[in-house]
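**Student:** Please read through the structure below; I'll follow up with questions.
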Amino acid sequence: MMIVGLTGGIGSGKTTVAKMFQKLGIPVYIADDEAKKLMETSKIIKKKISELLGEEAYSENLPNRKWIASKVFSDKNLLESLNAIIHPEVKKHFHSWVKKQDSPYVLYEAAILFEKDGYKDCDYSILVKAPQKIKIQRLKKRDNSSEEAIKARMNNQWSDEKKEKLADFVIENTDLESTKAQVTNLHERLLNKGIA
0 MMIVGLTGGI GSGKTTVAKM FQKLGIPVYI ADDEAKKLME TSKIIKKKIS
50 ELLGEEAYSE NLPNRKWIAS KVFSDKNLLE SLNAIIHPEV KKHFHSWVKK
100 QDSPYVLYEA AILFEKDGYK DCDYSILVKA PQKIKIQRLK KRDNSSEEAI
150 KARMNNQWSD EKKEKLADFV IENTDLESTK AQVTNLHERL LNKGIA
């Protein structure tokens with residue numbers, strides 16, 4: 000089965016794009032959502048995160064997400080270590096999920112698709128882009144975050160320019176109608192590639 004990676008910087012709207020593919024009948028695996036579930040259910044992950052960040056990382060057996068974020072988003076090494084714990088478990092979970100799907104291709108949506116070489120496991124990759132100003136507006140509205148906090152998170156991610164060099168396809172997500180048209184067009188192209 001063809002695996003198509005989908006990524007984009009924070010606030011780019013990759014989840015919106017993923018939902019558009021879902022409406023076209025394509026199964027979507029959202030790595031961040033699955034990682035959050037695994038942080039709650041995997042004993043291995045719980046143990047390793049507690050060892051890395053301390054007991055405060057979990058409260059009443061659930062991840063203390065705000066506390067974890069405050070630690071890792073201000074320390075690149077801690078963020079790397081946290082990703083090194085979660086990423087391999089998500090990868091295993093994804094591969095067992097793929098085996099259960101029945102469609103021409105599946106979408107693997109991940110924020111750090113290029114940074115962690117996840118794109119190498121994909122047949123194609125899609126980058127969702129939007130101007131920084133629009134991304135900041137979206138995040139202020141969605142998360143009620145300050146511009147400073149948003150920029151700090153953005154600085155922990157690769158730039159769109161760097162990601163674009165590795166992407167097979169780029170979707171400009173500034174206007175919903177235009178984005179829908181780009182998704183539909185790309186879906187048709189991917190279906191044709193799957194048959195070829």
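With numbering that gives the first Met the number 0 applied, the sequence shown closes on residue 195, and no number is skipped along the way.
Just so it is clear, CB atoms sit at the ideal spot from N, CA and C, and this is done for glycine as well.
All of these numbers come straight from a predicted model, not from anything done at the bench.
By DSSP, does Ala195 sit in helix, in strand, or in coil?
**Tutor:** Below a pLDDT of 50, predicted positions are generally treated as unreliable, and Ala195, at 43, falls in that range; no measurement from the model is reported.
**Student:** Measure how close the beta-carbons of Asn172 and Lys128 come, nearest whole angstrom, since I'm counting them as under 8 angstroms.
**Tutor:** About 7 angstroms separates the two Cβ atoms, so the contact holds.
**Student:** State the CB to CB distance for the pair Tyr28 and Leu106, rounded to an integer number of angstroms; the pair is presumed to be in contact (CB under 8 angstroms).
**Tutor:** Right, the Cβ-Cβ distance comes to about 7 angstroms (below 8 angstroms), so this counts as a contact.
**Student:** Is the separation between the beta-carbon of Ala109 and that of Gly24 shorter than 8 angstroms?
**Tutor:** It is not a contact, given that the beta carbons lie outside the stated cut-off.
**Student:** In this structure, how does DSSP classify Thr6 when only helix, strand and coil are distinguished?
**Tutor:** The answer is strand: DSSP assigns Thr6 an E or B state.
**Student:** Along the chain, where does the beta strand (DSSP E) containing Phe168 start, and where does it finish?
**Tutor:** Segment Phe168 to Glu171, the beta strand (DSSP E) holding Phe168.
**Student:** Does the ligand FAD have a heavy atom nearer than 7 angstroms to the CB of Ile48?
**Tutor:** Only the bare structure without any ligand can be found here, which leaves the ligand FAD out of the picture.
**Student:** When burial is assigned at 16 or more other CB atoms within 10 Å of the CB, is Thr40 buried or exposed?
**Tutor:** Result: exposed.
**Student:** With respect to the beta strand (DSSP E) encompassing Glu108, which residues constitute its N-terminal and C-terminal limits?
**Tutor:** First-last of the beta strand (DSSP E) with Glu108: Tyr104 to Glu108.
**Student:** Answer yes if the stretch 152-170 comes into contact with the stretch 178-194, meaning at least three C-beta pairs across the two stretches below 8 angstroms, and no otherwise.
**Tutor:** Verdict: yes, contact present.
**Student:** Check each candidate in Ser80, Lys36 and Lys75 and name the one with the smallest Cα separation from Asn60.
**Tutor:** When only C-alpha atoms are compared, the closest one is Lys36.
**Student:** Please report how far the alpha carbon of Ser95 lies from the alpha carbon of Glu176, in whole angstroms.
**Tutor:** Cα to Cα, Ser95 sits roughly 34 angstroms from Glu176.
**Student:** Could you tell me whether the stretch 129-139 touches the stretch 10-18, using the rule of 3 or more Cβ pairs below 8 angstroms?
**Tutor:** Yes: the two stretches touch, three or more of their Cβ pairs being nearer than 8 angstroms.
**Student:** I need the straight-line Cα distance from Lys99 to Glu33, nearest angstrom please.
**Tutor:** Cα to Cα, Lys99 sits roughly 16 angstroms from Glu33.
**Student:** Can you round the beta-carbon distance between Glu114 and Trp157 to whole angstroms, since I take them to be within the 8 angstroms contact cut?
**Tutor:** Right, their Cβ atoms sit about 6 angstroms apart.
**Student:** Classify Lys140 as buried or exposed, calling it buried when 16 or more other Cβ atoms lie within 10 Å of its own Cβ.
**Tutor:** Per the 10 Å Cβ criterion, exposed.
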